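Quick notes on the structure that follows.
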Amino acid sequence: MRRVLGSGIIVAMTRRLAVGIGVISACVLGFGPACTSDDDGGNDQAEAATESEGDSGDGDSGDGDGDPGDGDGDPGDGDGDSSALTYYKDAKPILDANCVTCHVEGGIGPFALQTWAQVEQWAPIIAPSIADLSMPPWPPNPSCNSYEDERLLGIDERELLLEWIDAGFPEGDPADAPPDPEPPAPFEADFSVSLPEPYTPTQVPDDYRCFVIPWPDSLTEPTYVTAQVVEPDQLQLVHHVISFVADPDDADFYIGLDEADPAPGYECFGGPGKLDWTARWLGDWVPGMDAWYAPPGSGIEVQPGSSLIVQVHYNNLNAEPVADQTTLGFQISDTVERPGTFVPVTKFEWIAGFGNMTIPAGEANVHHSATLDREHELFQYTLASLGVGPSEEVDVWRSALHMHLLGTQARLSITQDNASEDCLVQIDDWDFNWQGDYMFNEAVPFGAGDTMQLDCWYDNTEANQPIVNGEPKQPETVGWGDGTFDEMCLGIIYVARK
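All residue numbers for the sequence shown refer to full-length UniProt numbering, where the first residue is 1 and numbers rise by one.
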């Protein structure tokens, strides 16, 4: 499938790591690259995916659809049949729970699905999107792990919606509608910041912009961020927001990027700092999300004099560009029980320029991988700030993946000392538009003798090129880099002390 240039969600975070001779920078929202490329890797990852109710990775769009007309009784027969499916009684609860967080009036979805009339209008589009598992968008393979706030339709829910649409989407009695869900408790921010000045997106259909915001001068002692909320000024334009923090010694670099761009903020497709990432990931937001919370009892330390770098992805495909001045609110604490941090998982050689992550032009199935044990310098360096020893067991609470436009599949996992495997996140159909980080329902331990494995697959054939100026780009051999037409193989994990 061809991709339109510039769509995506990326999280770039990392600390410049000086280990031995090499300087190691790490990006984020994905994980760490590998050092070898081979042609035989594409099937290994697919074999790791087992079938499950919501398995979006098996490529079988018929899973669970059944025959939409095979209900008990005729769902179109109207009022007297108690088994008849209706909008208010049956479809609305599912749509409200899984769709209307994005598909609301003024939201990022291209149309609203809040009323029966709206659903009736768009039913011809809704049905195939449900059948092929493309909606609601939930990239992780559910057989890998279980996560908070999953957007997954079960087989029964898919069958019900398809059967109801096939029956002519009867409206039913409004009295059968479930009560509106309770709104989330208000987010009580300890302080809030807004983009320094309004910005109107200029690139179509996607504009990635970073803004530098000083950490409040009133916070004169180290502080832990425990939660973040994002209030988009223009909800119809804001596709995602990611916040990073640059320590005082690194802040001038990002301020320089901002000052060099005459418009508010600066362009930041591949991350917040080009190829010199010295910013740590702090939190994120996507449509439908209430707030970002650190794991229980945990938080990320921020030093006085630091700077926030806020990456906003604007998508103006379905809305007229207007000025946006998004606001972020933070909850903070002087202390936490279990300090945490986001850790980039990557291959030193690629970032430092000592090794190649080559993806040859015309190759349809290029595989790169990285394997890092718990004693690796990367973990020793990044976890030292938590007071964690070189082989001390820690808890992994969140994970994410990141590639650019040629990526097709990716997977991050931990092999325990006893040879058992814990899959962290697995994306079977990579879409740069729908990146995110995912919090586990239960933490995954990572200790002495354990190894972390990252795998990324790419398709660099003509059929998988981005569209540039209305034409597909010609395949070129690419490697590691921050640019739109470069590639990455990155992972990130949120790690906390036990």
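Note that beta-carbon positions come from the ideal geometry of N, C-alpha and C, so glycine has one too.
Note that this is a predicted model, so its numbers are computed, not measured.
- For the pair G288 and S399, the CB atoms are not nearer than the 8 Å cut-off.
- Each residue's CA atom was taken as its position, placing E157 and P93 some 10 Å apart.
- Taken in chain order, the complete beta strand (DSSP E) segments of 3 residues or longer contained in the stretch 434-465 are 437-446 and 451-458.
- Residue environment analysis places V322 among the exposed positions, since fewer than 16 neighbouring C-beta atoms fall within 10 angstroms of its C-beta.
- As the crow flies, the alpha-carbon of E377 is around 46 Å from that of A319.
- A Cβ-Cβ separation of about 7 Å places T326 in contact with V230 under the 8 Å criterion.
- When rounded, the separation of the alpha-carbon atoms in W480 and D486 is 6 Å.
- Comparing alpha carbon positions, the residue from D90, M439 and Q409 closest to P178 is D90.
- In this structure the stretch 378-395 does not lie against the stretch 423-433, because fewer than three pairs of beta carbons, one per stretch, are closer than 8 Å.
- Counting every other CB atom within 10 Å of its CB across the protein chains shown gives F211 a total of 16 or more, marking it as buried.
- At a Cβ-Cβ threshold of 8 Å, S306 and A260 do not count as neighbours.
- Inter-residue distance for A127 and E188 is about 39 Å (C-alpha atoms, whole angstroms).
- Of the other Cβ atoms in all chains shown, 16 or more fall within 10 Å of the Cβ of K347; this residue is therefore buried.
- Cβ-Cβ distances below 6 Å link E421 to S413 and T415 in the same chain, with the five nearest sequence neighbours on each side left out; the list follows chain order.
- L282 and E301 have their C-alpha atoms spaced approximately 9 Å apart.
- Scanning the stretch 306-337 for uninterrupted alpha helix (DSSP H) segments of 4 residues or longer gives nothing; none is fully contained.
- Between I155 and T223, the C-beta spacing is not below 8 Å.
- When the alpha-carbon of G168 is set against those of Q121, F191 and M439, the nearest one is in Q121.
- Under the three-state reduction of DSSP output, P128 falls in the helix class.
- In this structure, A496 and S298 form a Cβ contact; the two beta carbons are roughly 4 Å apart against a cut-off of 8 Å.
- Bridge partners of W480 according to DSSP: E487.
- Ranked by how close their Cα comes to the Cα of S369, the residues P198, S192 and V345 have V345 in first place.
- Secondary structure at I493: strand, using DSSP grouped into helix, strand and coil.
- As DSSP reads the structure, Y208 sits in a beta bridge with H313.
- Assigned with DSSP and collapsed to three states, D258 falls in helix.
- Per DSSP, the unbroken beta strand (DSSP E) holding T415 starts and ends at G407 to T415.
- V193 places its beta carbon 8 Å or farther from that of L317.
- Just measuring C-alpha positions, the residue of C99, G353 and E105 sitting nearest I130 is C99.
- Annotation for L372: no alpha helix (DSSP H) segment contains it, though the beta strand (DSSP E) segment containing it runs V366 to D373.
- Boundaries cannot be given for T200, as no alpha helix (DSSP H) includes it and DSSP labels it neither H nor E.
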